[in-house]
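Presented below is the structure to which this report refers.
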Amino acid sequence: MGAVQSAASTAKFNRATGAITYAFTFSEAVTGFDASDIIVANGTKGALVMVDASHYTMQITPLTNTSGTMTVDVAANAYADLVGNANTATSSNSQVFDTVTPTVAITDNASGTAIGAVLYTFTFNEAVTGFAASDITVSNGTKGALNQIDATHYTMSVTPDANETGNMVLTVAANAFTDTFGNPNTVSTSSTQAFDRQAPTLTIIDDTPGTAEGPVTLTFTFSEAVAGFTAADVNVTNATKGALTMVDATHYSMVITPTGGVGTMDVSVNAGTFTDLPGNANITGANDSQPFAISVDLGSLGQLIFPVVARFAEGTMWFLDRNKNGIADSGDQIDHNSLDNIFNGGADTVRAQGFVNVNGKMINITSAGSIPEEANDAAIWPNVEYWSVSVGQYLGDPVNETHVVMDRFGYPSGYANGFPYNDTDPDSTLHYVRMIYNG
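Our numbering puts the first residue of the sequence shown at 2, with every later residue one more than the last.
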């Protein structure tokens, strides 16, 4: 018998990756040769096939998922020629093989729930060829470029879909790549990463319909649980903030108190002031507005009455309804400086502004301003549209009639009186159109 010959059915660089067909060529016709005479290491024998009197073949498969050398031996005295002469020498063949299946592991750098781009690493158990970005399928995300780090490592950045939450799934299918000897990957590999790119939102509502007459409770309702929201994130104008209270993961409350007598409390929370639990910041703000008109109750001093017309040029006079009976009793008048002592320790500052409606005509009471002298008489008559006057400023000749006084929201402010005017002694009798102070 000559040498045992092999021909790999799948081989690269003389390295078998699959079944190998061996040819047994004898120097002459033989007898007694069968499969049992063939000894194989690191492989599995197939059937022995006689081609002719001096040629046989056998397919032998290397061990799976391993690499090494497969040997095939035919021992001495294994067969004889037709006249009975036995073979006196052993014949052998060695074939290097690699049947290791290449694999890939997919990992990423996101801990917990991702809120932005995720860097994936593809780690192979051996050097591979033919691996490209097109071999990677992504659901709920957008692929970046595939970068080769070395023979067994690649990276890719993948960005989850915007304004969505869910799972981002990366998959490398079977037969997407091979090792350097041609073995393909036989199984698909996937990686699942939770993500949340949905920005939290906020709605602010208050508990007071219409016009507030005192403190208002705000409720902050979030679209999901948030972190980092504090009282400092709440902006208010014309009001003071109370404590911020967490009701539950998505609800907070705060009491705000109006400052001043009449106005609008504005509440806002800016964009970028809080995040959801994964870390997405709010991209829009929220706001709420609440008009207010506050009655000023001075306790034992009574209810503050706001003068529309004061006593000529002798100074502003205020009225304190000390008995809270809606009547200008004796002693209810108080001058400007005395009122300042009550409010701010004597600083000579007008503290209140407001609007009144005299017989359906609006007059704006401000802390400064004047009207032309020739308009004085008309300023308190129904045909006057709008006038701006100083608090307590004299508006001219008073009239002997009673006017209905309304606040800026159209509600009755209390009572109104017309005091008789004495032509011969203007200072002896005062004429006031008055309203209970509502702001």
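For each residue, glycine too, the CB sits at the ideal point set by N, CA and C. Note that the coordinates shown come from a computational prediction; the quantities given were computed from them, not determined experimentally.
Expressed to the nearest angstrom, what Euclidean distance is found between the alpha-carbon atoms of residue i and residue j?
{"i": "Phe123", "j": "Thr204", "result": "44 Å"}
{"i": "Glu225", "j": "Gly286", "result": "15 Å"}
{"i": "Asn88", "j": "Asn15", "result": "30 Å"}
{"i": "Ala76", "j": "Val50", "result": "19 Å"}
{"i": "Asp35", "j": "Phe98", "result": "25 Å"}
{"i": "Ala228", "j": "Leu245", "result": "14 Å"}
{"i": "Ala175", "j": "Gly69", "result": "25 Å"}
{"i": "Val73", "j": "Thr67", "result": "18 Å"}
{"i": "Glu127", "j": "Ala152", "result": "8 Å"}
{"i": "Ser135", "j": "Val170", "result": "15 Å"}
{"i": "Phe275", "j": "Ile284", "result": "9 Å"}
{"i": "Ser95", "j": "Ile137", "result": "39 Å"}
{"i": "Ser48", "j": "Leu83", "result": "A small correction: the amino acid at residue 48 is Ala; Ser does not occupy that position in the sequence shown. Answer to the nearest angstrom: the Cα atoms are 23 Å apart."}
{"i": "Ala42", "j": "Val52", "result": "24 Å"}
{"i": "Val237", "j": "Leu147", "result": "50 Å"}
{"i": "Gly1", "j": "Thr65", "result": "Residue 1 falls outside the range modelled here, since the chain spans only 2 to 440, and no answer is possible."}
{"i": "Val268", "j": "Gly117", "result": "31 Å"}
{"i": "Gly215", "j": "Ala250", "result": "28 Å"}
{"i": "Ala54", "j": "Ala17", "result": "29 Å"}
{"i": "Ala232", "j": "Gly131", "result": "57 Å"}
{"i": "Ser189", "j": "Gly113", "result": "24 Å"}
{"i": "Phe230", "j": "Pro279", "result": "14 Å"}
{"i": "Phe27", "j": "Met71", "result": "22 Å"}
{"i": "Thr258", "j": "Thr166", "result": "39 Å"}
{"i": "Ala213", "j": "Asn239", "result": "13 Å"}
{"i": "Asp277", "j": "Thr102", "result": "44 Å"}
{"i": "Ser191", "j": "Val173", "result": "6 Å"}
{"i": "Ile206", "j": "Asn164", "result": "25 Å"}
{"i": "His56", "j": "Ala133", "result": "46 Å"}
{"i": "Asn110", "j": "Val270", "result": "33 Å"}
By the three-class DSSP mapping on this structure, what secondary structure does residue i have?
{"i": "Asp53", "result": "strand"}
{"i": "Ala42", "result": "strand"}
{"i": "Asp208", "result": "coil"}
{"i": "Ala146", "result": "strand"}
{"i": "Gly355", "result": "Because Gly355 sits at a pLDDT of 37, beneath the cut-off of 50, its placement in the model cannot be relied upon, and the following sentence gives the value as read from the coordinates. Of the three classes helix, strand and coil, the one that applies to Gly355 here is strand, per DSSP."}
{"i": "Asp267", "result": "strand"}
{"i": "Ala224", "result": "Note on residue identity: the sequence assigns Ser, not Ala, to residue 224. Correct three-state label for Ser224: coil."}
{"i": "Asp234", "result": "helix"}
{"i": "Ala36", "result": "helix"}
{"i": "Ala115", "result": "strand"}
{"i": "Ala134", "result": "helix"}
{"i": "Leu83", "result": "coil"}
{"i": "Phe27", "result": "coil"}
{"i": "Phe196", "result": "strand"}
{"i": "Asp162", "result": "coil"}
{"i": "Gly69", "result": "strand"}
{"i": "Leu203", "result": "strand"}
{"i": "Pro259", "result": "strand"}
{"i": "Leu278", "result": "coil"}
{"i": "Val248", "result": "strand"}
{"i": "Ala17", "result": "strand"}
{"i": "Thr179", "result": "strand"}
{"i": "Ala287", "result": "strand"}
{"i": "Gln101", "result": "Reading off the sequence, residue 101 comes out as Val, not Gln. Coil at Val101, not helix or strand."}
On a Cα-Cα basis, can you pick out the residue from the options that is closest to residue i?
{"i": "Asn281", "options": "Ala287, Ala272, Asn288, Asp289", "result": "Ala272"}
{"i": "Thr260", "options": "Gly113, Pro292, Val235, Leu245", "result": "Pro292"}
{"i": "Gln149", "options": "Thr138, Tyr121, Gly69", "result": "Tyr121"}
{"i": "His154", "options": "Thr70, Asn283, Val129", "result": "Val129"}
{"i": "Thr108", "options": "Thr156, Asp197, Asp99", "result": "Thr156"}
{"i": "Gly85", "options": "Phe275, Thr265, Glu29, Pro185", "result": "Glu29"}
{"i": "Asn288", "options": "Leu278, Ser92, Thr265", "result": "Thr265"}
{"i": "Lys46", "options": "Met247, Thr166, Ser37, Ala54", "result": "Ser37"}
{"i": "Ser92", "options": "Ile39, His56, Ser55", "result": "Ile39"}
{"i": "Phe125", "options": "Phe178, Asn164, Gly113", "result": "Phe178"}
{"i": "Gly211", "options": "Ala17, Thr65, Ser290", "result": "Ser290"}
{"i": "Ala79", "options": "Asn110, His56, Val31, Ala111", "result": "Val31"}
Taking residue i and residue j to be in contact with their CB atoms under 8 Å, please state how far apart those CB atoms are, rounded to whole angstroms.
{"i": "Asp162", "j": "Gly142", "result": "6 Å"}
{"i": "Asn139", "j": "Val159", "result": "Per the sequence shown, the amino acid found at residue 139 is Val instead of Asn. Going by Cβ atoms, the distance from Val139 to Val159 rounds to 6 Å, so yes, they are a contact pair."}
{"i": "Gly33", "j": "Ala81", "result": "6 Å"}
{"i": "Ala106", "j": "Ala195", "result": "Wrong, their Cβ atoms sit about 19 Å apart, outside the cutoff."}
{"i": "Thr100", "j": "Asn186", "result": "Contact doesn't hold; Cβ gap of about 13 Å is too wide."}
{"i": "Val235", "j": "Lys242", "result": "6 Å"}
{"i": "Thr193", "j": "Asn168", "result": "5 Å"}
Quick one: does residue i have its CB under 7 Å from some CB of chain C?
{"i": "Pro210", "result": "Absent from the structure is chain C; it holds one protein chain and no more."}
* To do: Check whether the segment 14 to 24 touches the segment 46 to 64, taking contact to mean three or more Cβ pairs, one atom from each stretch, closer than 8 Å.
  => yes
* Would you check if there are 3 or more beta carbon pairs closer than 8 Å linking the segment 211 to 227 to the segment 240 to 256? => yes
* Okay, do the segment 193 to 200 and the segment 175 to 182 touch, 3+ Cβ pairs below 8 Å being the bar? -> no
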